[in-house]
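Per this note's numbering, the sequence shown starts with residue 24, numbered consecutively. First comes the structure, then the notes that go with it.
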Amino acid sequence: AHLQLPEGANTRNRVKSRYQQWFTKYLAAKYTFLTPEDVYSLRNGVVHQGSFGHDNSQFERVVFTVHDKTRGMHNNFIDFGGRKFLQLHARVFCEDVIEAVRKCQAEMADNKDVERNLARVVQAHPEGYMPVISGSPAVA
């Protein structure tokens, strides 16, 4: 969503709206327990507070499972005595987000703002990031 913004745009208010619109278009059908507000809240919790959620979330906590044995456990709403939790499998969630990003990227291929901003997106570099790192995986 942020990739669509022109350089120098006032992004604070626009990012929330675009992020929520992006979720609605590309992921909401798979994540029926999540609202656009929940997803933006989750994003802000991780980015700004180091937590899986935010005071505005309908869930007390989002719980990510990571073990391969729990891969079949994904996207579950749990009401535990009035306490609401959402359980997601981290790998499945990430794969779904990556798939959604690729779909969005294909649809936005002709957008000049997206094209310019993609050059700055964080990427995995399996062989390193020259000239700084060589022969060792890096993220830059």
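The beta carbon of each residue, even a glycine, is placed where N, CA and C say it ideally should be.
Item checked: the segment 125 to 144 touching the segment 106 to 115, judged by at least three CB pairs closer than 8 Å -> Put simply, the segment 125 to 144 does not touch the segment 106 to 115. Fewer than three CB pairs are less than 8 Å apart.
Item checked: the segment 78 to 88 contacting the segment 111 to 120, beta-carbon criterion three pairs below 8 Å -> yes
Notebook entry, point to check: Using a Cβ-Cβ cut-off of 7 Å (strictly less than) and excluding sequence neighbours within five positions of residue 101, which residues of its own chain qualify?
Noted result: As a working note, residue 101 is residue 78 in the sequence shown. Same-chain partners within the cutoff: 108 and 110.
Item checked: Residue range of the beta strand (DSSP E) that includes residue 102 -> Within the sequence shown, residue 102 is the residue found at index 79, counting from 1. Looking at the DSSP string, the run of the beta strand (DSSP E) that includes residue 102 is 99 to 103.
Item checked: Secondary structure of residue 111, DSSP reduced to three states -> Reading the sequence shown from its first residue, position 88 is the one you call residue 111. Three-state result, residue 111: strand.
Notebook entry, point to check: Cβ atoms of residue 119 and residue 53: under 8 Å apart, would you say?
Noted result: As a working note, residue 53 is residue 30 in the sequence shown. As a working note, residue 119 is residue 96 in the sequence shown. Yes, they are a contact pair.
Notebook entry, point to check: If you run the structure through DSSP and keep just helix, strand and coil, what is residue 87?
Noted result: Here the question's residue 87 lines up with position 64 in the sequence shown. The answer is strand: DSSP assigns residue 87 an E or B state.
Check: Under the three-state reduction of DSSP, which class applies to residue 52: helix, strand or coil?
Finding: The sequence position of residue 52 within the sequence shown is 29, counting from 1. DSSP places residue 52 in coil when its eight states are reduced to three.
Margin query: On the DSSP letters alone, give me the boundaries of the alpha helix (DSSP H) that residue 64 sits inside.
Written below: Within the sequence shown, numbered from 1, the residue matching residue 64 stands at position 41. For residue 64, the uninterrupted alpha helix (DSSP H) segment begins and ends at 59 to 67.
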